[in-house]
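Encoded as structure tokens, the structure appears first; notes follow it.
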Amino acid sequence: DLPVTTNGGSIAVAPYVGNSFAGTLNAAPWVAATVVMVSAPSSGTLAVGVSNDAYQLNAIISGWTGSGTYTLGTGVARQISAIKTGTNQFWGGAAGLSSGSITRVSQTATRLQGSYDVTLAPAGGGASGTLHLVGNFDFGIAP
12 DLPVTTNGGS
22 IAVAPYVGNS
32 FAGTLNAAPW
42 VAATVVMVSA
52 PSSGTLAVGV
62 SNDAYQLNAI
72 ISGWTGSGTY
82 TLGTGVARQI
92 SAIKTGTNQF
102 WGGAAGLSSG
112 SITRVSQTAT
122 RLQGSYDVTL
132 APAGGGASGT
142 LHLVGNFDFG
152 IAP
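Add 11 to a position in the sequence shown, counting from 1, and you land on the number used in this note's numbering.
Encoded structure:
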């Protein structure tokens, strides 16, 4: 996010503008080009979709209540799934195919920041090997 200026003045950018989801996927750098929050954390369930030209990831983390670590694969509806763009190969999802955790570091009325360290098992479409994702996120929460 960059400040916007015009003719010597400035334009205020809302504090919820801008998102990031970046880290590594199997130790290679991975940065989402698109981040969409489907369900805000105030609902008790965080649902987001992130993607770039290589992978599309979807996360559903229920029981979202406060700062802390949210463990995947515990029987609670918390899962992450990945699809390799342009294929039918997919990883993760429910029933123990997603393991690891999402950690909420900070949340205000307009921002949610945290980290993730998850492993997704192959789930179909010819996917092989696991996907290991490690990194950080910073999501804007629109009013």
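The beta-carbon is built from N, C-alpha and C at its ideal position, and this holds for glycine as well.
Under the assumption that residue i contacts residue j (Cβ atoms under 8 Å), give the Cβ distance between them as a whole number of angstroms.
i      : j      : result
ILE22  : ILE72  : ILE22 to ILE72, Cβ: 34 Å. No contact.
VAL46  : ASN30  : 4 Å
ARG122 : PRO26  : 7 Å
ALA138 : GLN100 : 4 Å
Does the Cβ of residue i have 16 or more other Cβ atoms within 10 Å, making it buried, or fewer, making it exposed?
i      : result
VAL61  : buried
THR130 : buried
VAL24  : exposed
Which of the three DSSP states, helix, strand or coil, is assigned to residue i?
i      : result
SER54  : helix
PRO40  : strand
THR17  : strand
GLY74  : coil
TYR27  : coil
GLY135 : strand
THR130 : strand
ALA93  : strand
ASN63  : coil
THR98  : coil
LEU68  : strand
GLY107 : coil
ILE152 : coil
VAL87  : coil
Name, in chain order, the residues that DSSP records as bridge partners for residue i.
i      : result
ILE113 : TYR81, TYR127
THR35  : PRO40, VAL145
Review point. Is the region 74-82 touching the region 97-108 in the sense that three or more CB pairs, one from each, lie closer than 8 Å?
Key: With the rule of 3 Cβ pairs closer than 8 Å, the region 97-108 does not count as touching the region 74-82.
Practice item. Tell me, please, whether the region 45-59 touches the region 126-144 by the rule of three or more beta-carbon pairs shorter than 8 Å. Key: Contact fails: fewer than three Cβ-Cβ distances are below 8 Å.
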